[in-house]
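Peer 1:
Numbering (my numbering), first residue to last: 5 to 177.
#1: Starting from residue 128, trace the beta strand (DSSP E) in both directions and tell me its first and last residue.
#2: Terminal residues of the continuous beta strand (DSSP E) containing residue 140?
#3: What would DSSP say about residue 62, mapped onto helix, strand or coil?
#4: Would you kindly report the start and end of the unbroken beta strand (DSSP E) that includes residue 106?
#5: Check the DSSP bridge columns for residue 186 and list the partner residues they point to.
#6: Excluding five sequence neighbours on each side, which residues of the same chain lie with their C-beta closer than 8 Å to the C-beta of residue 146?
#7: If residue 64 sits next to residue 70, beta carbons under 8 Å apart, how far is it from one beta carbon to the other, in whole angstroms?
#8: I need the DSSP call for residue 43, collapsed to helix, strand or coil.
#9: Quick check on residue 180: does DSSP put it in helix, strand or coil?
#10: For residue 167, which beta-bridge partners are listed by DSSP?
#11: Could you tell me whether the Cβ of residue 54 comes closer than 9 Å to any Cβ of chain D?
#12: For residue 94, which residues in the same chain have their Cβ closer than 6 Å to its Cβ, ignoring the five residues on either side in sequence?
#13: Whose CA, out of 144, 79, 51 and 150, lies closest to the CA of residue 137?
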């Protein structure tokens, strides 16, 4: 696999899929939801690809472990275990799987949250990335904390070649 395809798959991990519903009834004003935004750097340089890609009729499927560093209203790291589905005929990449955020939200106490519903979509030609993150299962910290984020990227990278993305959304703290 070429380095550029590997980089694209890592970028895709930052993008999450279709909107999920907020947890029952807590959309009401005064329930602690606050807007959040910031940036992320997807550390391709430390990614681990597990095994050989599985060939499909139009591309391949790859499994990996990757890290994204977040700054802004969320400060911490995301550990991703994505399943990356490359459709080379359509020029798309879709990532889903599991991810865990460890860090702080809006300057609060540390929290550890799981998302197993994310979906990222990447255009392999332009590297445009879009996805959604739903950090809704608290593993440690304040059990009421939730975050729903939209991630977007235009293919930009930092000096090390790691993908730079933006996020915005809302968190309940």
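All C-beta atoms in this analysis are idealised placements derived from N, C-alpha and C, irrespective of residue type, glycine included. Treat the numbers as computed from the prediction; the structure is a model and nothing was measured.
Peer 2: Let me spell this out:
#1: Within the chain shown, numbered from 1, the residue matching residue 128 stands at position 124. Neither: residue 128 is in no beta strand (DSSP E) and is coded neither H nor E.
#2: Position 136 of the chain shown, counted from the start, is the residue given in the question as residue 140. Taken as a continuous stretch (DSSP letters only), residue 140 belongs to no beta strand (DSSP E), as it is neither H nor E.
#3: Working through the chain shown from its first residue, we reach residue 62 at position 58. Of the three classes helix, strand and coil, the one that applies to residue 62 here is coil, per DSSP.
#4: Taking the chain shown and counting its residues from 1, one reaches residue 106 at position 102. Residues 96-109.
#5: Residue 186 lies beyond the stretch modelled for the chain, which goes from 5 to 177, so this question has no answer here.
#6: Along the chain shown, read from residue 1 onward, the residue named residue 146 stands at position 142. So the list reads 112, 113, 115 and 177, once near-sequence residues are dropped.
#7: Residue numbering aside, residue 64 sits at position 60 when the chain shown is read from its first letter. Residue numbering aside, residue 70 sits at position 66 when the chain shown is read from its first letter. Not a contact, Cβ separation roughly 17 Å.
#8: The residue labelled residue 43 in the question sits at position 39 within the chain shown. Annotated three-state conformation of residue 43 is strand, per DSSP.
#9: It is not possible to answer for residue 180, since the shown part of the chain is limited to 5 through 177.
#10: Position 163 of the chain shown holds residue 167. 46 and 161, per the DSSP bridge assignment.
#11: You won't find chain D in this structure, because it holds only one protein chain.
#12: Within the chain shown, residue 94 is the residue found at index 90, counting from 1. Around residue 94: no qualifying Cβ.
#13: Stepping through the chain shown from its first residue, residue 137 is reached at position 133. Nearest of 144, 79, 51 and 150 to residue 137, Cα basis: 150.
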